[in-house]
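Asks: Below are the structure tokens for one structure; questions will follow.
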Amino acid sequence: MAQNKSESIPDLGRDILLEMYRRMLTIRVFEETVFEVYRKGWMPGLAHLSDGQEATAVGVGMALRPDDTITSTHRGHGHIIAKGGQVEPMMAEVMGKVTGYCRGKGGEMHIADVSLGILGANGIVGGGLGIAAGSAFTAKREGKGRVSVAFFGDGAINQGIWYETANIAVLWKLPLIYVCENNQYTQFTHWKKLVSGEGLAARARAMGMKGVEVDGNDVLAVYQAACELVESSRKGEGPATLVCHTIRYGGHHVGEPGTGYRSKEEMDEWKKRDPILLFEKKLFDQEVLTPQDVETMHDEVDKRLQSSVEVARQDPFPDVKEVTEHVYA
Amino acid sequence: MSTRELTFAQAIREALDEEMARDERIFILGEDVGAWGGVFRTTESLFQKYGGERVIDTPLSEEGFVGLAVGAAMTGMHPVPEIMFGDFITLAMDQIVNQAAKMRYMTGGQVQVPITIRATMGGGRSSGAQHSQSWHAWFAHVPGLKVVLPSTPYDAKGLLKTALREPNPVLFFEDKVMYHKIKGPVPEEEYLIPFGKADIKREGTDVTLVALSRMIHPTLAAAERLAAEGINAEVIDPRTLTPLDEETLIKSVAKTGGAVIVDEGYTHFGATAELASVIAYGAFDYLDAPIERLGAMDVPIPFSPVLEFATIPDEDKIIAAAHRIVEGRRR
Amino acid sequence: MASEILMPRMGLTMETGRIVSWLKQEGQTVKAGEPLLEIETDKATVEIESLESGMLGKIVAGFGEEIPVGGVIGYLLKDGETLAKDMRGAIPATTGNLPVSNVSDTSAETQANPAFVTTKVKASPAALHLAQQLGVSLAQVNGSGPNGRIVAWNVTEAAQSAAKTHQPDSGRISPLARRVAADLGVNLTLVKGSGLRGVVTRRDVELAGQTPGRVSAVETAAGDSTKIEPFTRIQRVMAERMMQSFSTAPHFYLHVEVDARQMVALRGQLLPRLEKRDSVHLTFTDLLIYFCARTLPKHSLVMAQWTTEGLKRFSRVHIGIAVETENGLIVPVLRDADKLGLVEIARQRVDLAERARQSKLLPNEFEEGVFTITNLGMYHIDSFDAILNPPQAAILAVGQIKERALVENGQLVPAAMVNLSLSVDHRVLDGARGARFLNELVEMIETPGLSMA
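In structure tokens form, the structure reads like this:
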């Protein structure tokens with residue numbers, strides 16, 4: 001069983017730690033930027049933001065190889081950036097431009113970059129679970145040790161597809177890691193009102209696989225837990241489930257304030273444990289990072305995001321003639 | 001070119017065998033498809049030949065194993081999930097409709113989803129309302145899917161081989177009654193039948209009879225009886241609903257002036273409706289009689305044979321419809 | 001109370017009569033003494049006249065039905081009369097069937113008879129199509145299809161017996177001629193008889209069969225022959241419109257010689273590229289359509305039309321293109337030409353011309369034109385004045401593009417020139433206004449870039 005919290009920084013090397021920090025920061029600024037973009041009316045549809053959940057995304061994302069695959073949820077920007085997705089084509093996709101990852105055809109809920117092993121964010125709750133199981137199946141056949149990770153939220157805990165694929169994954173020893181990003185609320189209802197028994201980790205164990213729970217705001221704890229589960233899966237020991245407890249700062253989608261069902265006190269408590277600040281403090285304490293570094297990095301990330309918005313705004317929309325393309329191969 | 005007589009099931013089995021030998025990315029999964037050889041014997045001995053890695057017995061989890069198949073298809077395999085009774089396909093709807101059909105489009109062309117879902121269809125065996133339905137029309141309504149319904153062993157083998165080489169999701173519907181009851185000539189040499197090409201199974205001049213899947217057989221029988229009365233019917237088998245060979249249908253009705261469309265799916269909003277619409281639009285100035293549609297009666301399929309057979313189109317009903325088309329007309 | 005129309009007794013031994021054809025449709029009026037229907041008795045086919053004047057309210061016995069003498073075959077309505085509810089008959093106006101019921105009724109027949117609407121003259125689309133092609137009026141046709149529907153073969157039959165129904169004296173067309181006409185598919189209404197007292201003979205029909213639409217050598221008793229070629233419908237219509245246009249609209253003409261060098265250069269530039277990129281063959285007519293389409297909106301009076309009630313104004317730029325076909329001049333209309341790019345104009349022009357030649361234009365493709373361009377350049381005509389295409393107020397006649405002498409900066413230079421003539425309806429436009437439009441058009445032709453501004 002993995003540690004529940006990390007007391008000190010394991011010997012990961014400065015590069016990895018900085019990269020972790022940078023990715024978390026990038027996610028945070030990306031989400032804040034999309035919020036602005038949405039409010040200014042520069043993107044259509046809805047925006048489902050994951051600020052607050054950075055540690056879960058990055059802790060898992062950085063435990064993976066480039067050829068490992070992930071599937072994600074409708075709230076997937078964090079997972080995608082954690083797996084190496086670039087903000088420029090993401091921003092363009094969010095604005096529906098042809099330069100987006102999916103040529104404007106997927107939109108903010110369906111971003112994918114197959115070359116990075118990102119098999120798509122998915123608009124159906126649990127929609128990525130079948131696909132992730134399939135990817136694990138193929139991985140096993142290929143025999144190169146790659147794994148398949150399925151991100152999903154507390155809402156998917158009760159989707160039948162989880163049980164069906166989990167059963168198959170255990171029976172067939174598929175290299176599949178289920179990562180439940182429990183941000184406490186299934187849309188507007190607290191998860192404890194919706195999930196019977198002891199929760200997902202217990203259910204996973206009942207199905208015959210490892211089920212681990214971890215502090216989803218502690219990026220190192222997530223990282224350690226993920227590494228352990230991923231390694232054992234790579235070795236052919238079968239699937240595992242990691243439940244990360246975290247919170248989303250925003251509402252279900254931009255425009256929904258998230259305050260109708262969550263109290264200020266509750267949110268303030270969570271904010272005290274902001275994943276980026278938590279990690280920052282650790283890095284300062286261990287002198288891996290200085291406040292100067294932090295400012296520099298903030299500047300860089302801010303500039304990059306602002307530039308991505310400007311570029312995406314100038315980029316063209318897809319030609320209407322493309323509407324009938326890519327239906328069939 | 002030498003041929004031998006194969007049953008519908010044997011032709012399907014042969015297609016699977018040949019393609020699995022040719023392409024190791026193809027694997028079959030479903031309930032009792034492996035060790036048992038499939039409840040309709042369509043995968044007989046494939047387990048013994050290719051092993052449990054490629055012919056996989058899944059738990060009873062349509063959504064689960066079809067979903068897994070979609071993911072496997074997206075990552076380089078060509079899975080062939082089998083839905084034992086087409087009625088159960090409802091359990092896997094999200095995986096087929098929201099995932100498989102849309103992945104390529106939503107990713108802007110980054111992935112392909114080469115998955116061939118074999119499902120059964122058709123009643124007439126007193127299997128009751130939940131084991132006798134034919135759902136091809138539903139899937140023809142979903143952009144991103146292809147829908148195939150062979151009516152003969154020859155067509156089944158050629159179309160299935162094409163499906164197994166197709167980089168897109170295919171719904172391949174097999175009528176249960178035909179598996180062991182319909183035999184036909186199948187060439188020894190390899191052949192493929194392309195999608196989107198209807199087959200004129202009988203040429204005629206007085207009325208066009210369009211029939212899907214098993215319905216081809218009572219339609220051909222009806223055509224013989226009509227011929228004895230001096231009514232020369234043309235019988236067309238569309239073979240694939242998506243893509244649909246509109247040209248053949250329209251040209252035929254432009255020639256004959258009238259059409260009867262026969263299908264085992266429900267009539268109301270069924271496949272017959274789309275085919276009738278295609279004909280009405282394309283052959284408008286040549287219609288000499290309203291288009292007749294014969295689908296399954298719009299009731300849950302009953303168990304007792306007397307009731308069940310009343311709900312399914314048959315020779316007599318086809319002939320009556322043809323009579324209505326030619327009534328008062330003369331060439 | 002409607003009066004009954006009864007099967008009359010037309011002979012001593014007549015007991016029943018068979019309906020051959022109704023000469024009036026339900027809803028049509030008939031005068032006393034006017035032929036109403038034809039029946040066949042045991043001896044002959046006889047025409048039956050209406051005994052009274054009124055409206056044919058209901059046909060009860062239809063084509064082919066055998067009714068005893070004295071039996072009711074229809075109802076006649078006089079002013080203010082209506083049909084009583086029980087006046088049903090063998091051919092109801094509605095199908096009277098159940099609507100599509102998909103639960104309780106196992107009969108496939110009710111599923112196939114969803115008629116909720118009634119129409120007076122029911123004909124299948126094929127019958128309508130044929131009726132148009134063969135020039136048959138459906139009012140003259142009896143339907144043999146279910147519930148009296150007119151089907152295709154009724155129309156073809158009617159086309160052949162048309163001559164017979166128009167001439168009560170059935171001796172006018174010999175039975176042999178009739179048979180030959182059926183075999184050759186000849187429309188007997190277009191055949192003139194050369195036999196004794198104008199009877200249509202087999203030879204007349206054969207000749208008609210050879211040269212459709214034209215024909216019949218009429219030989220007088222003295223042995224001279226003068227050929228009279230009857231007009232086709234199109235020819236007649238064209239002639240009448242020409243007369244009407246020429247005599248009612250006061251025409252005046254504006255002439256210009258235009259420097260076509262820039263236009264020729266532009267076409268030279270675009271032709272190979274558009275051929276390659278879009279598979280269209282760009283012509284000068286296409287360019288002129290483009291320029292006119294962009295000039296007309298600024299001179300909307302040119303698109304207006306004179307009516308007795310006042311000046312009719314139009315804003316949509318539908319331009320007619322004169323096309324030469326086998327049957328004469330046809331002017332299909334290119335709609336909203338100002339919204340089309342060159343490639344689209346070329347495509348549509350080719351398509352319209354093609355279909356015009358095959359007589360496959362739809363009605364709305366002839367209508368609503370506000371301006372016409374006619375080009376005789378391909379016949380090496382230097383210039384000509386066109387007759388207005390009524391009810392339009394302007395038409396542009398284009399001559400050939402030819403190298404002519406041009407004085408430029410005091411020098412004589414050879415230059416590709418083209419003569420344009422704008423005919424104008426003086427009731428709508430005066431000289432100055434017409435000239436302003438023409439001037440702007442010429443500017444655009446001479447400096448094509450202006451069309452992009």
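Just so you know, the protein sequences line up as chains A, B and C, in that order.
Quick note on numbering: the working numbering labels position 13 of the first sequence as 13, and the sequence is numbered without any gaps.
Quick note on numbering: the working numbering labels position 45 of the second sequence as 45, and the sequence is numbered without any gaps.
Quick note on numbering: the working numbering labels position 76 of the third sequence as 76, and the sequence is numbered without any gaps.
We put the beta carbon where it would ideally sit given N, CA and C, even for glycine.
For a contact meaning CB atoms closer than 8 Å, what does GLU63(B) contact in chain A?
Replies: Taking the second sequence and counting its residues from 1, one reaches residue 63(B) at position 63. What GLU63(B) touches in chain A: GLY130, GLY160, ILE161, GLU164.
Asks: Taking 8 Å as the threshold (beta carbon to beta carbon), is ALA217(C) in contact with chain B?
Replies: By 1-based counting over the third sequence, the position of residue 217(C) is 217. Per-residue confidence for ALA217(C) stands at a pLDDT of 38, beneath the threshold of 50, marking its modelled position as unreliable; the derived number appears in the next sentence. Chain B contact via Cβ: absent.
Asks: Output yes if chain C places a C-beta closer than 8 Å to the C-beta of PHE284(B); else output no.
Replies: Working through the second sequence from its first residue, we reach residue 284(B) at position 284. Taking Cβ atoms only, chain C reaches closer than 8 Å to PHE284(B), which makes this a yes.
Asks: Can you list the residues of chain A that ALA341(B) reaches, using a CB-CB cut of under 8 Å?
Replies: Residue 341(B) lies beyond the range of chain B shown here (1 to 331); nothing can be said about it.
Asks: Start and end of the alpha helix (DSSP H) containing GLU40(C)?
Replies: Taking the first residue of the third sequence as position 1, residue 40(C) is located at position 40. Segment 35-40 is the beta strand (DSSP E) holding GLU40(C); no alpha helix (DSSP H) there.
Asks: Does the beta carbon of ILE77(B) sit closer than 8 Å to a beta carbon anywhere in chain A?
Replies: Taking the second sequence and counting its residues from 1, one reaches residue 77(B) at position 77. Note on identity: in this sequence residue 77(B) is Met, with Ile being the wrong assignment. So yes, MET77(B) belongs to the interface.
Asks: Thinking C-alpha only, which one of GLY86(B), ILE193(B), TYR286(B), THR107(B) is nearest GLN132(C)?
Replies: Counted from its first residue, the third sequence places residue 132(C) at position 132. The residue with the shortest Cα to Cα distance from GLN132(C) is TYR286(B).
Asks: By the criterion of Cβ-Cβ separation under 7 Å, what are the contact partners of ASN232(B) in chain A?
Replies: Here residue 232(B) refers to the residue found at position 232 of the second sequence. Within chain A, no residue comes near ASN232(B); the closest Cβ sits about 38 Å away, beyond 7 Å.
Asks: Look at ASN347(A) and SER61(B) and say whether their C-beta atoms are less than 8 Å apart.
Replies: Because chain A is modelled from 1 through 329, residue 347(A) falls outside the range shown and cannot be assessed.
Asks: If you count every other CB in all the chains shown that lies within 10 Å of the CB of MET7(C), and 16 or more means buried, which is it?
Replies: Against the third sequence, residue 7(C) aligns to sequence position 7. Counting Cβ neighbours within 10 Å, MET7(C) comes out buried, since at least 16 surround it.
Asks: Sort out for me which residues DSSP pairs MET109(A) with in a bridge.
Replies: Residue 109(A) sits at position 109 when you count from the first residue of the first sequence. Answer is none; MET109(A) lacks a bridge partner.
Asks: Which residues of chain C have a Cβ atom closer than 8 Å to the Cβ of GLU345(B), listed in chain order?
Replies: Given a span of 1 to 331 for chain B in the structure shown, any question on residue 345(B) remains unanswerable.
Asks: For SER137(C), which residues of its own chain have a beta-carbon under 7 Å away from its beta-carbon, when the five flanking residues on both sides are left out?
Replies: Taking the third sequence and counting its residues from 1, one reaches residue 137(C) at position 137. Once the five neighbours on either side are set aside, SER137(C) has no close Cβ partner at all.
Asks: Taking Cβ-Cβ distances shorter than 8 Å, what residues in chain B pair up with VAL327(A)?
Replies: Within the first sequence, residue 327(A) is the residue found at index 327, counting from 1. Per Cβ cutoff of 8 Å: ARG104, TYR105, PRO143, GLY144.
Asks: With a cut-off of 8 Å on the beta carbons, I'd call TYR179(B) and PHE40(B) a contact; round off their distance for me.
Replies: In the second sequence, the residue the question calls residue 179(B) occupies position 179. In the second sequence, the residue the question calls residue 40(B) occupies position 40. Confirmed, Cβ separation roughly 5 Å.
Asks: Would you please verify whether the beta carbon of VAL55(B) is less than 8 Å from any beta carbon of chain A?
Replies: Within the second sequence, residue 55(B) is the residue found at index 55, counting from 1. No, because no Cβ of chain A sits closer than 8 Å to the Cβ of VAL55(B).
Asks: Roughly how many angstroms separate the alpha carbons of HIS318(C) and ALA337(C), rounded to a whole number?
Replies: By 1-based counting over the third sequence, the position of residue 318(C) is 318. By 1-based counting over the third sequence, the position of residue 337(C) is 337. So the alpha carbons of these two residues sit roughly 6 Å apart.
Asks: Among the residues of its own chain, which have a CB less than 6 Å from the CB of THR42(B), if the five just before and after it don't count?
Replies: To locate residue 42(B), count along the second sequence from 1; it is residue 42. ALA9, ILE12, ARG13.
Asks: Tell me ASP175(B)'s beta-bridge partners as DSSP assigns them.
Replies: As a first step, residue 175(B) must be located in the second sequence, where it is residue number 175. Its beta-bridge partners are MET121(B).
Asks: With GLN292(A) as the anchor, note down where its beta strand (DSSP E) starts and where it stops.
Replies: Against the first sequence, residue 292(A) aligns to sequence position 292. From DSSP, GLN292(A) is part of no beta strand (DSSP E) but of the alpha helix (DSSP H) over 291-314.
Asks: Residues in the stretch 226-238 of chain A with C-beta within 7 Å of chain B's C-beta atoms, listed in sequence order?
Replies: Going along the stretch 226-238 of chain A in chain order, one finds no residue with a Cβ nearer than 7 Å to chain B.
Asks: Given that ILE70(A) touches chain B, what residues does it touch there, using C-beta distances under 7 Å?
Replies: Position 70 of the first sequence, counted from the first residue, corresponds to residue 70(A). Simply none; closest approach about 12 Å.
Asks: Is it a yes or a no for the stretch 224-232 of chain A touching the stretch 193-204 of chain A, going by three-plus beta-carbon pairs under 8 Å?
Replies: Too few Cβ pairs lie closer than 8 Å, so no.
Asks: Which two residues bound the contiguous beta strand (DSSP E) that contains ASN419(C)?
Replies: For the purposes of this step, residue 419(C) is taken as the residue at position 419 of the third sequence. Per DSSP, ASN419(C) belongs to the beta strand (DSSP E) from 411-425.
Asks: Hey, would you say HIS129(C) sits closer than 8 Å to PHE252(C), going by beta carbons?
Replies: The sequence position of residue 129(C) within the third sequence is 129, counting from 1. The sequence position of residue 252(C) within the third sequence is 252, counting from 1. No, the Cβ-Cβ distance between HIS129(C) and PHE252(C) is not below 8 Å.
Asks: So, helix, strand or coil for ARG23(A), using DSSP?
Replies: For the purposes of this step, residue 23(A) is taken as the residue at position 23 of the first sequence. Three-state DSSP puts ARG23(A) in a helix.
Asks: Give a yes or no on contact between the stretch 302-309 of chain C and the stretch 320-327 of chain C, applying the rule of three or more CB pairs nearer than 8 Å.
Replies: Contact fails: fewer than three Cβ-Cβ distances are below 8 Å.
Asks: Please list the residues of the stretch 269-300 of chain B that have a C-beta atom closer than 8 Å to any C-beta atom in chain C, keeping them in chain order.
Replies: Result list: PHE284, ASP285, TYR286, LEU287, ASP288, ALA289, PRO290, GLU292, ARG293, LEU294, MET297, ASP298, VAL299.
Asks: Where GLU26(C) and GLY57(C) are concerned, what is the direct C-alpha to C-alpha distance, given to the nearest angstrom?
Replies: Numbered from its first residue, the third sequence carries residue 26(C) at position 26. Numbered from its first residue, the third sequence carries residue 57(C) at position 57. The alpha-carbon atoms of GLU26(C) and GLY57(C) are separated by roughly 6 Å.
Asks: Enumerate in chain order the residues of its own chain whose CB-to-CB distance from VAL258(C) is below 7 Å, with the five nearest sequence positions on each side excluded.
Replies: For the purposes of this step, residue 258(C) is taken as residue 258 along the third sequence, with counting starting at 1. Excluding residues within five positions, the ones whose Cβ falls inside 7 Å are MET417, VAL418, LEU420, VAL442, ILE445, GLU446.
Asks: Compare the Cα-Cα distances from GLU198(A) to each of VAL254(A), GLN187(A), GLY160(A), GLY211(A) and report the closest residue.
Replies: Position 198 of the first sequence, counted from the start, is the residue given in the question as residue 198(A). For GLU198(A), the nearest C-alpha among the options comes from GLY211(A).
Asks: With 8 Å as the threshold, decide whether the Cβ of ALA159(C) is near any Cβ in chain B.
Replies: Reading the third sequence from its first residue, position 159 is the one you call residue 159(C). No, because no Cβ of chain B sits closer than 8 Å to the Cβ of ALA159(C).
Asks: Could you give the distance in angstroms between the alpha-carbon of PRO143(B) and the alpha-carbon of GLY295(B)?
Replies: Indexing the second sequence from 1 puts residue 143(B) at position 143. Indexing the second sequence from 1 puts residue 295(B) at position 295. Each residue's alpha carbon lies about 23 Å from the other.
Asks: Would the stretch 223-242 of chain B count as touching the stretch 106-113 of chain B if we require 3 or more Cβ pairs under 8 Å?
Replies: Too few Cβ pairs lie closer than 8 Å, so no.
Asks: As a quick exercise: from GLU47(C), ILE67(C), GLY33(C), pick the residue whose alpha carbon is nearest that of SER53(C).
Replies: Counted from its first residue, the third sequence places residue 53(C) at position 53. Looking at the Cα atoms, GLY33(C) is the closest of the given residues.
Asks: Using the rule of at least 16 other Cβ atoms within 10 Å of the residue's Cβ for burial, across every protein chain shown, is ASP67(A) buried or exposed?
Replies: Sequence index remark: in the first sequence, residue 67(A) carries index 67 (1-based). Classification for ASP67(A): exposed.
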